Amino acid sequence: MPEFVEFAGLRHYPVGNAQLYKRNNNLVVSALKHPMDGIVIETGMATEVAIELAPLELNADTVLAITFQATDRARRLRGIGQWVIIPDAGGKTACLLINSKPEGISIALTGKQRQSDLFHSIIQPQRNSKWIGIATIDLAGRNTWLSGIRCRMEPLRDSKGRITQLTVIKTISSSAAIQPLMQDPIAGHLIHQGYYAIDALHIASTTQYPEGLPYEWENHISQVVMTGQHIAEVLLTHSQVL
1 MPEFVEFAGL RHYPVGNAQL YKRNNNLVVS ALKHPMDGIV IETGMATEVA IELAPLELNA
61 DTVLAITFQA TDRARRLRGI GQWVIIPDAG GKTACLLINS KPEGISIALT GKQRQSDLFH
121 SIIQPQRNSK WIGIATIDLA GRNTWLSGIR CRMEPLRDSK GRITQLTVIK TISSSAAIQP
181 LMQDPIAGHL IHQGYYAIDA LHIASTTQYP EGLPYEWENH ISQVVMTGQH IAEVLLTHSQ
241 VL
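Number 242 marks the last residue of the sequence shown (this note's numbering); no jumps.
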């Protein structure tokens, strides 16, 4: 792996042709021209990771992907959350897709504005699905900005200390108007509702382990991978792990 740049006490590695350098106490990730250009942030053994950005404008060309990786006690690496923003044809909207494979049997979406809930939706992916669209982002009607990403793991343990339930919550901080997908409670198919002006979107999923998660499978967030296309630069203002 290429030489890292230390920022906020964490190692940040360039991926592809991306370039990293510090500027005014911030970290610049530049030259994101191709889908695999970006950055890998090593987060150690964290249960929560937060990356703050100077507002990054999303436009008709912007492609942005985020992957959260976890390492278990047997040193195996696997994805625990992955989403991507891809512009639609015409450039007036973008699609927010999530990889449903690391998720539980259902995915909960909560849109927020000033810490108040605007909408809540439960989506149950089909068994054979992988990438599913969960929201449409309006690019034509207003300026759209991304200002932060976060991932948090919430384990629930039994009296023996075994994990019986694990919830993973991904948060996208953004000034955006989005149209979430919602599941019709009767027919079961996905439907579109109106647009909501949000400043945060929570994506949560819970997996049950009735017999307890084997000890060697217990994991922590160890990496955040950010890649993009048609992005001149991303400015990281802070990285934090808990």
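Note that beta-carbon positions come from the ideal geometry of N, C-alpha and C, so glycine has one too.
Computed from a prediction, not measured in an experiment: that's the story for all the values here.
Around the Cβ of residue i, are there at least 16 other Cβ atoms within 10 angstroms (buried) or fewer (exposed)?
i, result
"L58", "buried"
"I85", "buried"
"R73", "exposed"
"N219", "buried"
"M226", "buried"
"I122", "exposed"
"L242", "exposed"
"D37", "buried"
"S100", "buried"
"Q69", "buried"
"L77", "exposed"
To the nearest angstrom, report how far apart residue i and residue j are at their CA atoms.
i, j, result
"A232", "L146", "14 Å"
"G9", "Q193", "42 Å"
"G16", "I132", "26 Å"
"S222", "T43", "5 Å"
"S116", "T171", "14 Å"
"M153", "T206", "10 Å"
"R162", "R11", "31 Å"
"Q208", "L166", "7 Å"
"G79", "Q229", "21 Å"
Among the candidates the options, whose CA atom is the shortest distance from the CA of residue i?
i, options, result
"R114", "Q124, Q208 and S174", "S174"
"P244", "M226, P102 and A65", "Summary: the structure shown does not reach residue 244, with the chain confined to residues 1 through 242, and so no result is reported for it."
"N128", "T136, G111 and I105", "I105"
"Y13", "I39, H34 and S30", "I39"
"N26", "I203, I198, M45 and V5", "V5"
"H238", "V29, Q19, Q229 and E3", "V29"
"L109", "M226, L166, I178 and D61", "I178"
"A54", "T67, T93, P214 and N24", "N24"
"L139", "P155, T67 and D61", "D61"
"T71", "V234, G228, L235 and Y215", "Y215"
"G91", "Q82, G141, H120 and E48", "G141"
"L118", "L97, L201 and V234", "L201"
"E211", "I66, S159 and A176", "S159"
For chain B, is any of its Cβ atoms less than 9 Å away from the one on residue i?
i, result
"I134", "No chain B appears in this structure, which consists of one protein chain only."
Once DSSP output is grouped into helix, strand and coil, what is the label at residue i?
i, result
"D158", "coil"
"L242", "coil"
"M290", "The first residue shown for the chain is 1 and the last is 242, placing residue 290 beyond what the model contains."
"T47", "coil"
"Q115", "coil"
"S222", "strand"
"S30", "strand"
"K130", "coil"
"L139", "coil"
"I231", "strand"
"N59", "coil"
"R76", "coil"
"S121", "strand"
"P102", "coil"
To test your reading of the DSSP string, which unbroken beta strand (DSSP E) runs of 3 or more residues are found completely within the stretch 163-217? Listed in chain order, they are 163-183, 190-192 and 196-208.
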